[in-house]
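Peer 1:
Residue numbers (the working numbering): 3 to 191.
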């Protein structure tokens, strides 16, 4: 798994690798989406049961933070949703551990959260149409549609490493997103 930092002590502290430097189930999830800088945060959210206890729309919101094409400030995201705060708190813990272990700044985990579409994603997952959520703006409709498709792809990549409890949660998320995209056929063409 290639991430911007590779310090084994941090990965052990987060229980991503065991004392024998073998991947744990948590790290297998992160490794399945290692192309995403938020992989460690998503893996931690899943394995500490945060995402299993979330509603489908909250899980979609969390995943949207990592796939949306435009960044916003962490402070703005933090004020907007409890689900987002959980992800930011995990990043802060990782960064604190990195600082305590004297990890060089260039190797520290950096994740740019994007809150641009989180409310719109939540509305769509809660059964509003994309065109209804976007107020007829074609540019934002295209961004939202891409974000929804990317959330679905991210969840699909994670499924193979998850146990049945999480697998069912993310299968349901994938189905809800697929249905919402299918209902907005005019935008997805």
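Glycine included, each C-beta is placed from N, C-alpha and C at the ideal position.
Every value quoted in this text rests on a predicted model; they were computed, and no experiment measured them.
1. Considering only the beta carbon of each residue, do residue 13 and residue 153 sit closer than 7 Å?
2. Unbroken alpha helix (DSSP H) runs of length 4 or more, entirely within the segment 106-146: which are they?
3. State yes or no: is the C-beta of residue 70 nearer than 6 Å to some heavy atom of the ligand SAM?
4. Of the choices 149, 111 and 92, whose alpha-carbon is the least far from that of residue 48?
5. Let me confirm a value: residue 98 is counted as buried when at least 16 other C-beta atoms fall within 10 Å, else exposed. Which label applies?
6. Expressed to the nearest angstrom, what Euclidean distance is found between the alpha-carbon atoms of residue 103 and residue 180?
7. Helix, strand or coil: how does DSSP classify residue 91 here?
8. From which residue to which residue does the alpha helix (DSSP H) around residue 59 run?
9. For the alpha helix (DSSP H) containing residue 45, name the first residue and the last one.
10. Could you tell me the distance, in whole angstroms, from the CA atom of residue 191 to the CA atom of residue 176?
11. Would you identify the three-state DSSP class for residue 160, choosing helix, strand or coil?
Peer 2: Reading from the atomic positions:
1. As a working note, residue 13 is residue 11 in the chain shown. As a working note, residue 153 is residue 151 in the chain shown. It is not a contact, given that the beta carbons lie outside the stated cut-off.
2. 120-127 and 132-136
3. Here there are no bound small molecules, and the ligand SAM is not part of this structure.
4. Along the chain shown, read from residue 1 onward, the residue named residue 48 stands at position 46. Nearest to residue 48 by alpha-carbon distance, out of 149, 111 and 92, is 92.
5. Translated into the one-based positions of the chain shown, residue 98 becomes position 96. Label assigned to residue 98: exposed.
6. Taking the first residue of the chain shown as position 1, residue 103 is located at position 101. Taking the first residue of the chain shown as position 1, residue 180 is located at position 178. In a straight line, the C-alpha of residue 103 is about 43 Å away from that of residue 180.
7. On the chain shown, residue 91 is found 89 positions in, with the first residue counted as 1. In the structure shown, residue 91 sits in a helix (DSSP, three-state: H, G or I).
8. Along the chain shown, one-based indexing puts residue 59 at 57. Counting along the chain, the alpha helix (DSSP H) containing residue 59 begins and ends at 58-69.
9. By 1-based counting over the chain shown, the position of residue 45 is 43. Element bounds for residue 45: 41-49.
10. By one-based count along the chain shown, residue 191 stands at place 189. By one-based count along the chain shown, residue 176 stands at place 174. Here residue 191 scores only 46 on pLDDT, less than 50, and its place in the model should not be relied on; the value that follows carries that caveat. Cα-Cα distance, rounded: 19 Å.
11. In the chain shown, residue 160 corresponds to position 158, counting from 1. Helix, per DSSP.
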